[in-house]
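Single-structure report; data block below.
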Amino acid sequence: MKIAVVGETRPGERRVALVPGLVSRLIEVGLQVAVEPGAGAAAGITDDDYRDAGAEVDAGALAGAGVALSVQPLAARQVRDLAPNAVTISFLPVAQELELVRALRDAGHTALAMELVPRISRAQSMDALSSQAFVAGYRAVLVAAERLPRFFPLSMTASGTIPPARVLVLGAGVAGLQAIATARRLGAVVRAYDVRAASAEEVRSLGAEFVELELPTLEGAGGYAREMTEERSRMQRELLAPHVADADVLITTAAVPGRAAPMLVTSDMVAAMRPGSVVVDLAAESGGNVEGAKPGEEVTIGEVSVWGGQNVPSQLAAQASQLYATNVVNLLLLMHSDGTVTPDFDDEIVAGACVTHAGEVRHAPTRELLG
Ligand code: NAD
Numbered sequence: 271m272k273i274a275v276v277g278e279t280r281p282g283e284r285r286v287a288l289v290p291g292l293v294s295r296l297i298e299v300g301l302q303v304a305v306e307p308g309a310g311a312a313a314g315i316t317d318d319d320y321r322d323a324g325a326e327v328d329a330g331a332l333a334g335a336g337v338a339l340s341v342q343p344l345a346a347r348q349v350r351d352l353a354p355n356a357v358t359i360s361f362l363p364v365a366q367e368l369e370l371v372r373a374l375r376d377a378g379h380t381a382l383a384m385e386l387v388p389r390i391s392r393a394q395s396m397d398a399l400s401s402q403a404f405v406a407g408y409r410a411v412l413v414a415a416e417r418l419p420r421f422f423p424l425s426m427t428a429s430g431t432i433p434p435a436r437v438l439v440l441g442a443g444v445a446g447l448q449a450i451a452t453a454r455r456l457g458a459v460v461r462a463y464d465v466r467a468a469s470a471e472e473v474r475s476l477g478a479e480f481v482e483l484e485l486p487t488l489e490g491a492g493g494y495a496r497e498m499t500e501e502r503s504r505m506q507r508e509l510l511a512p513h514v515a516d517a518d519v520l521i522t523t524a525a526v527p528g529r530a531a532p533m534l535v536t537s538d539m540v541a542a543m544r545p546g547s548v549v550v551d552l553a554a555e556s557g558g559n560v561e562g563a564k565p566g567e568e569v570t571i572g573e574v575s576v577w578g579g580q581n582v583p584s585q586l587a588a589q590a591s592q593l594y595a596t597n598v599v600n601l602l603l604l605m606h607s608d609g610t611v612t613p614d615f616d617d618e619i620v621a622g623a624c625v626t627h628a629g630e631v632r633h634a635p636t637r638e639l640l641g
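FYI, in this note's numbering the residues of the sequence shown are 271 to 641.
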């Protein structure tokens, strides 16, 4: 069976869904790998790197492929090139891709969405949300450090002492924890806040201080945060204001699955930060944690620079691709037997990640969206 690796065409996407180092894992089990020319170029991978790893490089890679691997969803025209009953593996934000979902359903393909892989222990090596959030959390700190006109670490020199930067991280999930760890490695004094009580211990274990707010905790099913009421959100902003004003760097990563990101910081709160302070909003694309932050742009509020994240993992394309490809290959190998890929819907990972199969939309929320 041919596994096609798609050259990404969406603006700003630099990642690739398979890296040469993982080609052998597919070949070993009897699969063939065909890569579109230039697919890895933006991630620093040449066509020869893929050839040396045992893949074929072919402009017609998708034609007759049994599996298509990509980071972003396929274009509708690419769906038509695949073999009948093919499997597609990519990120697939269904609400924004209803036309593609219809095309995948009508073609009878099995579409698996990486963001729907259940977050259970057995699926950790397939958890692309976590792997990409890890990259984004690291990058957020470097963006802030580069813009901040101050040192991060405490420095004692013969010419005097430089105090450490103060970093506040809001949202201490995968991205937030990586931001905390990175800022600590650079020597900053770090504080962090999350609505999930369980995150306090993780924050402290990284050498940061957990900010306690006098608010009821909001833990929902599966350890995820639930959406807050407007009144609680207002209280939260009020209680956070002095912490924000005290920070040189604010990094926000708060998200609630399936909803717009909560607005945690108003533009007045940003304007009250010291001149030259820096805000990085990793949630800018999904509604924004910071009022006025714009995805892919850097704006100034008061005398504070506000950087809005847009496809941040793609900005470290080589390693984001390496991690994503590992997630994808692990999912693919879960469905592999005797040189072919056959999804087993008794497996909760496959069933959970499946959007379309055999002419049907399997993912109930997507079915509702399609009406
Ligand atoms: P996410 O990207 O959905 O959210 C990021 C963080 O924002 C979360 O920690 C959330 O609690 C926080 N948040 C939401 N609303 C907030 C608010 N109003 N104020 C402050 N913070 C707010 O989450 P994520 O990083 O993908 O994962 C969150 C948690 O899920 C992880 O820390 C972990 O406990 C769990 N998880 C489990 C697995 C697994 O078991 N395989 C995998 C990944 C994550």
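Idealized CB from N, CA, C, for every residue including glycine.
Nonlocal neighbours in the same chain, by C-beta distance under 6 Å from residue i, ignoring five residues either side
i	result
E573	P545
A274	A304, A331, L332, A335, A338
V289	S591, Q592, A595
D317	P307, V327
I521	A410, V439, A449, V550
T452	Y408, V411
R417	V548, S575
S537	E561, G562, I571
V473	A442, A462, F480
A414	V519, V548, V550
Any non-hydrogen atom of ligand 1 within 6 Å of residue i CB
i	result
V444	yes
P213	Residue 213 lies beyond the range of the chain shown here (271 to 641); nothing can be said about it.
D317	no
Q348	no
V465	yes
P512	no
Q580	no
P532	yes
G441	yes
S556	no
R389	yes
Q394	yes
S400	yes
Chain-order list of residues whose beta-carbon lies under 7 Å from that of residue i (same chain, five-residue window excluded)
i	result
D614	M605, V620
E283	V341, Q342, N581, S584
A530	S556, G557
A325	V293, V303, A304, V305
Residues of its chain near residue i, where Cβ-Cβ distance is below 8 Å and the 5 sequence neighbours each way are ignored
i	result
V364	V371, A383, V625, H633, P635, T636, L639
G314	A587, A588
Range of the contiguous beta strand (DSSP E) that encloses residue i
i	result
E568	568-571
L447	Not the beta strand (DSSP E): L447 falls in the alpha helix (DSSP H), residues 444-455.
S360	357-360
V473	It is not in any beta strand (DSSP E) - V473 instead sits in the alpha helix (DSSP H) that spans 469-475.
A304	302-305
R461	459-463
Range of the contiguous alpha helix (DSSP H) that encloses residue i
i	result
G622	618-623
R285	First-last for R285: undefined, no H or E at that position.
A588	587-604
V519	Segment 519-522 is the beta strand (DSSP E) holding V519; no alpha helix (DSSP H) there.
I297	293-297
A511	500-516
A346	346-351
R436	Looking at the DSSP string, R436 is not in any alpha helix (DSSP H); the run it does join, the beta strand (DSSP E), is 436-440.
Which of helix, strand or coil DSSP assigns to residue i
i	result
S340	coil
I315	coil
D630	Note that residue 630 is Glu in the sequence shown here, rather than Asp. Reduced to three states, the DSSP call for E630 is strand.
L382	strand
M426	strand
R637	helix
R372	helix
G407	helix
Q580	coil
V548	strand
L534	coil
A274	strand
V327	strand
V540	helix
A333	coil
V574	strand
Supposed contact pair residue j and residue i - C-beta distance, whole angstroms, cut 8 Å
i	j	result
V535	V569	Actually they do not touch by this definition, with Cβ atoms about 14 Å apart.
I642	V459	Residue 642 lies beyond the stretch modelled for the chain, which goes from 271 to 641, so this question has no answer here.
G477	R461	Between R461 and G477 the Cβ distance is about 11 Å, and since that is not below 8 Å, they are no contact.
V387	M396	5 Å
A517	M539	About 10 Å; that fails the 8 Å criterion.
P434	P423	6 Å
V599	R295	6 Å
L483	R502	In fact, because the Cβ distance is near 10 Å, the residues do not count as touching under 8 Å.
G446	T523	4 Å
V299	L603	7 Å
Residue i: CB within 6 Å of a non-hydrogen atom of ligand 3
i	result
A524	As for ligand 3, it is missing from this structure, which binds only ligand 1.
Cβ of residue i within 7 Å of any chain B Cβ
i	result
A442	Within the model displayed, chain B is absent; a lone protein chain is all it includes.
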